[in-house]
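There are 2 protein chains.
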Amino acid sequence: MASGPLRISKRDLRRVEKSVDEVMGLGKEIRTLFSRYNDEEYDVGWEVDSAVDAFSVLSSRWTTEILATLYIAGDRRFNEMRGLLRGISSRTLSDKLTTCVENGLVERIVEDGPPVRVKYSLTVHGRRAGALLSPFVGYMKIYNGKIDGPA
Amino acid sequence: MASGPLRISKRDLRRVEKSVDEVMGLGKEIRTLFSRYNDEEYDVGWEVDSAVDAFSVLSSRWTTEILATLYIAGDRRFNEMRGLLRGISSRTLSDKLTTCVENGLVERIVEDGPPVRVKYSLTVHGRRAGALLSPFVGYMKIYNGKIDGPA
DNA sequence: AAGGTATCTAGTGTATAAAATGCATCTACG
DNA sequence: CGTAGATGCATTTTATACACTAGATACCTT
């Protein structure tokens, strides 16, 4: 298995940049689309409130990480996730999975045995959220030097 | 100023859905693009680590909210932000702004007076991060019922 | 073959450490 | 006195470490 920074070709970097540009353009488009619905002026307070609401699901530790793990790695069982999310305690993982289930991002699936196994899977909503966040992760990989640009 | 849920037409809802689908496809594309660089197999652990790193900046309370505020509302001063981020204490805002500055997302600009004023502004990196997160916010607006679907 | 030990599963219980919040206060300026 | 931009400190909330449970299988010894 490869590990650490990877080399990326000029051609592929351009592809990534293009993708990032598209998403950025899209964000702008969505923003203007929504703001158009305000008859009078752009209601900054309301927009900020919406954003705060949107992020409230994510903005406690480990929630994004759990989402990313299931998005990248697919359905996983409890201890598999614990292995992937290095440093998380089983107590915390248990609690956070519960809140993710309550928020409709994750589904808890019991496969009856013996042995009984439990797997966690993203709901449709969770997959959408993961997909929408993944360009951000892609950009941060470059910003954090996880991926080398071309020489 | 309009406030509360807004009405959105069928046509515009379809536009948003199409945008979301496109971005979702894009996320998948970026993902496979990056994974292609692993010679052997898809290194799930490394991918998850990268995602954890990417989110580590965001996954403490208020960081995303500060980012969104500056992205949506433009440059703001301390007490303006406090007004927009309802419920944040000045203690917490102060601390969080400091970490945002340390993470390179936000710039602290002192305008010398008198009276001396301090404004906070997104760096280029912060604007990029905000842009990449805004489609997520747009989607969550719909999911959270901030925008009504067509009748 | 019986009994003991070990392991793997998906978690809980509990004490402690770290983070966020409320509220009071400070400084510099007009 | 009021405003802007904070800071100090006590309390509450959240996260962590670490030990432990329960049901099942598997291996090891006498």
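Residue numbers (this note's numbering), protein chains in the order written: chain A, -10 to 140; chain B, -10 to 140.
Using N, Cα and C, we set each Cβ at its ideal position, and we do this for glycine too.
Predicted model, so just to flag it, every value in this text is computed and none were measured.
Along the beta strand (DSSP E) that carries S110 (chain B), what are the first and last residues, could you check? Residue numbering aside, residue 110 (chain B) sits at position 121 when the second sequence is read from its first letter. Its beta strand (DSSP E) spans residues 106 to 111.
Using 10 angstroms around the beta-carbon of P172 (chain B), count the other beta-carbons present and answer buried if the total reaches 16, otherwise exposed. Lying before the first or after the last residue shown, residue 172 (chain B) is absent from chain B, which here runs from -10 to 140.
List, in order along the chain, the chain A residues whose C-beta lies closer than 7 angstroms to that of T53 (chain B)? Your numbering for residue 53 (chain B) matches position 64 in the second sequence. Result: F44, L47, S48.
What separation, rounded to the nearest whole angstrom, lies between the Cα atoms of V144 (chain B) and K85 (chain A)? Not covered by the structure: residue 144 (chain B). The range shown for chain B is -10 to 140.
Any chain A beta carbon closer than 7 angstroms to S39 (chain B): Locating residue 39 (chain B) in the second sequence gives position 50, where the first residue counts as 1. In terms of beta-carbon proximity, S39 (chain B) lines the interface with chain A, with at least one pair separated by less than 7 angstroms.
Measure the C-alpha to C-alpha separation of S45 (chain A) and R80 (chain B) and round it to an integer number of angstroms. In the first sequence, the residue the question calls residue 45 (chain A) occupies position 56. In the second sequence, the residue the question calls residue 80 (chain B) occupies position 91. Each residue's alpha carbon lies about 19 angstroms from the other.
Throw me the rounded Cβ distance for the L59 (chain A) and G115 (chain A) pair, which I believe falls under 8 angstroms. To locate residue 59 (chain A), count along the first sequence from 1; it is residue 70. To locate residue 115 (chain A), count along the first sequence from 1; it is residue 126. Between the beta-carbon of L59 (chain A) and that of G115 (chain A) there is about 7 angstroms, and that keeps the pair under the 8 angstroms contact cut.
Cα separation between V126 (chain A) and T53 (chain B)? Working through the first sequence from its first residue, we reach residue 126 (chain A) at position 137. Working through the second sequence from its first residue, we reach residue 53 (chain B) at position 64. Those two C-alpha atoms are separated by around 14 angstroms.
Return yes when the C-beta of V99 (chain B) is under 6 angstroms from any heavy atom of the ligand SAM, and no when it is not. Of ligands this structure carries none, so the ligand SAM is not represented either.
Residues that R66 (chain A) bridges to, as DSSP identifies them: The residue given as residue 66 (chain A) occupies position 77 in the first sequence. Beta-bridge pairing links R66 (chain A) to A:K108.
I'd like to know if M129 (chain B) contacts chain A, where contact means its C-beta is closer than 7 angstroms to some C-beta of that chain. Working through the second sequence from its first residue, we reach residue 129 (chain B) at position 140. Contacts with chain A at 7 angstroms (Cβ-Cβ) include M129 (chain B).
If you measure between the beta carbons of G119 (chain A) and L56 (chain A), is that distance less than 7 angstroms? Sequence index remark: in the first sequence, residue 119 (chain A) carries index 130 (1-based). Sequence index remark: in the first sequence, residue 56 (chain A) carries index 67 (1-based). With a cutoff of 7 angstroms on beta-carbon distance, G119 (chain A) and L56 (chain A) are scored as near each other.
How about S48 (chain B) and R50 (chain A): are their beta carbons less than 7 angstroms apart? The count along the second sequence starts at 1 and reaches residue 48 (chain B) at position 59. The count along the first sequence starts at 1 and reaches residue 50 (chain A) at position 61. A distance below 7 angstroms separates the beta carbons of S48 (chain B) and R50 (chain A).
Hey, could you find the ends of the beta strand (DSSP E) R50 (chain B) is sitting in? Counting from one through the second sequence, the residue named residue 50 (chain B) turns up at place 61. Bounds of any beta strand (DSSP E) do not take in R50 (chain B), whose DSSP letter is neither H nor E.
Listed from N- to C-terminal order along the chain, which residues in the segment 83 to 104 of chain A have their beta-carbon within a distance smaller than 8 angstroms of any beta-carbon of chain B? Residues: none.
Strictly below 7 angstroms CB to CB, what residues from chain A border G34 (chain B)? Within the second sequence, numbered from 1, the residue matching residue 34 (chain B) stands at position 45. Within 7 angstroms Cβ-Cβ: L73.
Kindly identify the DSSP beta-bridge partner or partners of I98 (chain A). Residue mapping note: residue 98 (chain A) aligns to position 109 of the first sequence, counting from 1. DSSP lists A:K108 as partners of I98 (chain A).
From the DSSP output, in three-state form, read off G134 (chain B) for me. Taking the second sequence and counting its residues from 1, one reaches residue 134 (chain B) at position 145. Looking at G134 (chain B) - three-state DSSP - the assignment turns out to be coil, as it is neither helix nor strand.
Answer with yes or no whether the minimum CB distance from F125 (chain A) to chain B is below 7 angstroms. For the purposes of this step, residue 125 (chain A) is identified with residue 136 of the first sequence, where counting begins at 1. Yes, because at least one Cβ of chain B sits closer than 7 angstroms to the Cβ of F125 (chain A).
Chain A beta carbons: is any one of them nearer than 7 angstroms to that of I77 (chain B)? Along the second sequence, one-based indexing puts residue 77 (chain B) at 88. False, the Cβ-Cβ gap to chain A never drops below 7 angstroms.
Verify whether the separation of the beta carbon atoms of K108 (chain A) and D38 (chain A) is less than 7 angstroms. Working through the first sequence from its first residue, we reach residue 108 (chain A) at position 119. Working through the first sequence from its first residue, we reach residue 38 (chain A) at position 49. At least 7 angstroms separates the beta-carbon of K108 (chain A) from that of D38 (chain A).
Endpoints, the alpha helix (DSSP H) within which D38 (chain A) is located: As a first step, residue 38 (chain A) is located in the first sequence; it is residue number 49 there, counting from the start. Here the alpha helix (DSSP H) through D38 (chain A) covers 33 to 45.
How would you call E30 (chain B), buried or exposed, if buried means at least 16 neighbouring beta carbons within 10 angstroms? Counting from one through the second sequence, the residue named residue 30 (chain B) turns up at place 41. Below a pLDDT of 50, predicted positions are generally treated as unreliable, and E30 (chain B), at 48, falls in that range; the measurement from the model is reported next regardless. With fewer than 16 other Cβ atoms within 10 Å, it is exposed.
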